[in-house]
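Residue numbers (this note's numbering): 143 to 223.
Below: one structure, written as structure tokens.
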């Protein structure tokens, strides 16, 4: 299942995200926050410090990757190049 979602994410990144479409930005944001956030909560409840830290790093990287192009994508400047 993870492999199929990863393949879908690659195709999404190569097509609509590269063009700067708003829907693709939200398609990465919403599921990413849900998946990484639920993993953080799961490992916190298991009291697994190392895995919690790894999930927090992954969540932080996701947020950084989405914040950097956010202004250009959400304002509509990315597709006008």
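Using N, Cα and C, we set each Cβ at its ideal position, and we do this for glycine too.
Keep in mind that this is a model prediction, so the values were computed, not measured.
Where residue i falls: helix, strand or coil (DSSP)
i, result
"residue 163", "coil"
"residue 219", "coil"
"residue 190", "coil"
"residue 210", "coil"
"residue 143", "coil"
Inter-residue CB distance, residue i and residue j (contact presumed, cutoff 8 angstroms)
i, j, result
"residue 182", "residue 198", "6 angstroms"
Proximity to residue i [Cα-Cα], best of the options
i, options, result
"residue 174", "185, 216, 148, 217", "148"
"residue 179", "163, 153, 202", "202"
"residue 205", "150, 172, 160, 151", "172"
"residue 219", "162, 151, 155, 156", "162"
"residue 216", "193, 200, 159", "159"
"residue 207", "146, 155, 143", "155"
Does the structure place the segment 195 to 211 close enough to the segment 166 to 179 that three or more beta carbon pairs sit under 8 angstroms? yes
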